[in-house]
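> In our numbering, the protein residues as written are 75 to 428.
Beta carbons: idealized from backbone N, C-alpha and C, even for Gly.
It should be emphasised that the depicted structure is a prediction, and the values quoted were computed from it without experimental measurement.
Mind looking over this structure? Questions follow.
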């Protein structure tokens, strides 16, 4: 099994990518969330300039947020800095669109976007509709060496539902999943089924898991602190997503801790202003930190909803993921707590002992 990291893009993210490369990890993925973080390609370029081996990927580009020639140019530009080390991760949009009050785009539009960007990166002429007109576009002078479209840039699709999984299989793309341990294997089995339905060789399915969690010690005080700092943003994000949806209190009539927490958060969410743009408060800190008003996010809830555990528990879970067919897992490092990579390195080494 291979290992990587995920980062909410920052201009100094390169520091942790350098350390990750030193530890022998395979990849570093960067979130593309324009209302929360610096530009993903600026951050990738800085990391590309300071590393030699580690792969660098967009995790993920959202089609509506950049037109196809701009995305293709950005990928080809960082590919010039890190030849053959760039990955094109793409999805229909969660954080990057929810922060602007938008829902995900359609799979049909996503497919067209992927096909156009991929064709441009192959040096082809693309028929492109823009501003109510259809035009032909292509890179005009790639032979000058200003960009790099010679080295392959693999495609990875973030896919959670059956339709997007089928699109992944139809395109023959790598698959990106974001999950805690619970549900990760079941979702992989769904992806494997879609892959086989498309009559593709099972060995050609490349599956990666993104997760957020904390390596626990067994000491409650230490572990509660780690959970809230390193893993809690994932739990908070669950509530951000639910609050954006037409969730009614009647739908939360269970007595589980999650239902209770959701009812509490909906009361807070209803107070956000302006009332027609509550998403501006709802998504602040999304996948980065827990806000002071998110008191419903507790260490116990975080422990149960993230990829957290003792070293022994995590090693067992990671081996199960490897056996199921995941070829790589990627842990997100939280701002100010990037040192957790050292804890994860010890865990990963036990999964793949030298």
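Are the CB atoms of residue 353 and residue 78 nearer to each other than 7 Å?
Along the chain shown, one-based indexing puts residue 353 at 279. Along the chain shown, one-based indexing puts residue 78 at 4. Not in contact: residue 353 and residue 78 (Cβ atoms no closer than 7 Å).
> Would residue 199 be called buried (16 or more neighbouring beta carbons within 10 Å of its own) or exposed?
Here the question's residue 199 lines up with position 125 in the chain shown. The residue is exposed, with fewer than 16 neighbouring Cβ atoms inside 10 Å.
> In angstroms, rounded to a whole number, what distance separates the CA positions of residue 267 and residue 185?
For the purposes of this step, residue 267 is identified with residue 193 of the chain shown, where counting begins at 1. For the purposes of this step, residue 185 is identified with residue 111 of the chain shown, where counting begins at 1. Roughly 20 Å separates the two Cα atoms.
> Under 7 Å between the Cβ atoms of residue 149 and residue 227?
For the purposes of this step, residue 149 is taken as residue 75 along the chain shown, with counting starting at 1. For the purposes of this step, residue 227 is taken as residue 153 along the chain shown, with counting starting at 1. Closer than 7 Å, so yes.
> Using the C-alpha atoms, what's the distance from residue 349 back to residue 118?
Walking along the chain shown from the start, residue 118 turns up at place 44. Walking along the chain shown from the start, residue 349 turns up at place 275. Each residue's alpha carbon lies about 36 Å from the other.
> Which residue spans inside the stretch 80 to 152 form an unbroken beta strand (DSSP E) run of at least 3?
101 to 104, 129 to 132
> Taking the continuous beta strand (DSSP E) assigned at residue 282, which residues delimit it?
Within the chain shown, residue 282 is the residue found at index 208, counting from 1. Run containing residue 282: 281 to 285, per the beta strand (DSSP E) assignment.
> Would you tell me roughly how many angstroms separate the C-alpha atoms of residue 263 and residue 241, rounded to the nearest one?
For the purposes of this step, residue 263 is taken as residue 189 along the chain shown, with counting starting at 1. For the purposes of this step, residue 241 is taken as residue 167 along the chain shown, with counting starting at 1. Cα to Cα, residue 263 sits roughly 16 Å from residue 241.
> Considering only residues of the same chain and omitting the five flanking positions on each side of residue 303, which have a CB-CB separation below 7 Å?
In the chain shown, the residue the question calls residue 303 occupies position 229. Same-chain partners within the cutoff: 408, 411.
> Of the residues 395, 312, 220, 351, which one's Cα is nearest the Cα of residue 255?
Counted from its first residue, the chain shown places residue 255 at position 181. The shortest Cα separation from residue 255 among 395, 312, 220, 351 belongs to 395.
> Does residue 194 come within less than 7 Å of chain D when only Cβ atoms are used?
The structure shown contains no chain D, having only a single protein chain.
> Which term fits residue 182, buried or exposed, when burial requires 16 or more other beta carbons within 10 angstroms of its beta carbon?
For this step, residue 182 is matched to residue 108 along the chain shown. Label assigned to residue 182: exposed.
> Apply the 10 Å Cβ neighbour rule to residue 204 and answer buried if 16 or more other Cβ atoms are within range, or exposed otherwise.
Within the chain shown, the letter at position 130 stands for residue 204. Exposed.
> Comparing C-alpha positions only, which one of 101, 381, 305 sits nearest to residue 130?
Counting from one through the chain shown, the residue named residue 130 turns up at place 56. Nearest option by C-alpha distance: 101.
> Can you tell me whether residue 426 is buried or exposed, with buried defined as 16 or more other CB within 10 angstroms of its CB?
What you label residue 426 is simply residue 352 of the chain shown in a count that begins at 1. Counting C-beta atoms within 10 angstroms of its own C-beta, residue 426 has fewer than 16 neighbours from the protein chains shown and is therefore classed as exposed.
> Any chance the CB of residue 359 is under 6 Å from a heavy atom of the ligand FMN?
Of the ligands one can find in the structure shown there are none, so the ligand FMN has no counterpart to examine.
> What three-state label does DSSP hand residue 409 in the structure shown?
Along the chain shown, read from residue 1 onward, the residue named residue 409 stands at position 335. If DSSP states are grouped into helix, strand and coil, residue 409 belongs with coil.
> On the three-pair Cβ rule with 8 Å, is the stretch 269 to 278 touching the stretch 306 to 313?
no
> Over the uninterrupted alpha helix (DSSP H) stretch that includes residue 355, give me the two end residues.
The sequence position of residue 355 within the chain shown is 281, counting from 1. It spans 353 to 356 - the alpha helix (DSSP H) in which residue 355 sits, taken as one unbroken run.
> Out of 96, 97, 420, state which residue places its alpha-carbon closest to the alpha-carbon of residue 289.
As a working mapping, residue 289 is identified with position 215 in the chain shown. Cα-wise, what sits closest to residue 289 is 420.
> Any idea what DSSP makes of residue 209, helix, strand or coil?
Residue mapping note: residue 209 aligns to position 135 of the chain shown, counting from 1. Residue 209: strand per DSSP, three-state reduction.
> What's the call for residue 219, buried or exposed, on a 16-neighbour Cβ count within 10 Å?
As a first step, residue 219 must be located in the chain shown, where it is residue number 145. Exposed is the call here.
> Please classify residue 179: does DSSP put it in a helix, a strand, or coil?
Along the chain shown, one-based indexing puts residue 179 at 105. Coil, per DSSP.
> For the alpha helix (DSSP H) that contains residue 297, what are its first and last residues?
The count along the chain shown starts at 1 and reaches residue 297 at position 223. According to the DSSP assignment, residue 297 belongs to the alpha helix (DSSP H) that extends over 294 to 300.
> Report the rounded CA-to-CA distance for residue 310 versus residue 116, giving the unit in angstroms.
Taking the first residue of the chain shown as position 1, residue 310 is located at position 236. Taking the first residue of the chain shown as position 1, residue 116 is located at position 42. Distance between the alpha carbons of residue 310 and residue 116 is about 27 Å.
> In its own chain, which residues sit with a C-beta less than 7 Å from the C-beta of residue 433, not counting the 5 before and 5 after it?
Here the chain comprises residues numbered 75 to 428, so residue 433 is not present and cannot be evaluated.
> Would you list the residues sitting across from residue 256 in a DSSP beta bridge?
Counted from its first residue, the chain shown places residue 256 at position 182. DSSP output for residue 256 lists no bridge partner at all.
> Is the separation between the beta-carbon of residue 222 and that of residue 153 shorter than 7 Å?
Position 148 of the chain shown, counted from the first residue, corresponds to residue 222. Position 79 of the chain shown, counted from the first residue, corresponds to residue 153. Cβ atoms of residue 222 and residue 153: closer than 7 Å.
> DSSP three-state label for residue 378, please.
In the chain shown, residue 378 corresponds to position 304, counting from 1. Residue 378 falls in the helix class under three-state DSSP.
> Assess contact between the stretch 118 to 127 and the stretch 82 to 94, defined as three or more Cβ pairs (one per stretch) separated by less than 8 Å. Is contact present?
yes
> In angstroms with no decimal places, state the Cα-to-Cα distance between residue 251 and residue 81.
On the chain shown, residue 251 is found 177 positions in, with the first residue counted as 1. On the chain shown, residue 81 is found 7 positions in, with the first residue counted as 1. Taking the straight line joining both Cα atoms gives about 15 Å.
> Output the distance between the C-alpha atoms of residue 206 and residue 285, rounded to the nearest integer angstrom.
Residue mapping note: residue 206 aligns to position 132 of the chain shown, counting from 1. Residue mapping note: residue 285 aligns to position 211 of the chain shown, counting from 1. Cα to Cα, the separation comes out at about 40 Å.
> Please list the terminal residues of the continuous beta strand (DSSP E) segment that includes residue 396.
Position 322 of the chain shown holds residue 396. Not the beta strand (DSSP E): residue 396 falls in the alpha helix (DSSP H), residues 385 to 398.
> For residue 161, which of 143, 367, 229, 361 has the nearest alpha-carbon?
As a position in the chain shown, residue 161 is number 87, starting the count at 1. Out of 143, 367, 229, 361, 229 has the C-alpha closest to the C-alpha of residue 161.
> With which residues is residue 417 paired in a DSSP beta bridge?
Sequence index remark: in the chain shown, residue 417 carries index 343 (1-based). By DSSP's assignment, residue 417 forms no beta bridge with any residue.
> Which residues does DSSP list as the beta-bridge partners of residue 232?
Within the chain shown, residue 232 is the residue found at index 158, counting from 1. Residue 232 is bridged to 250.
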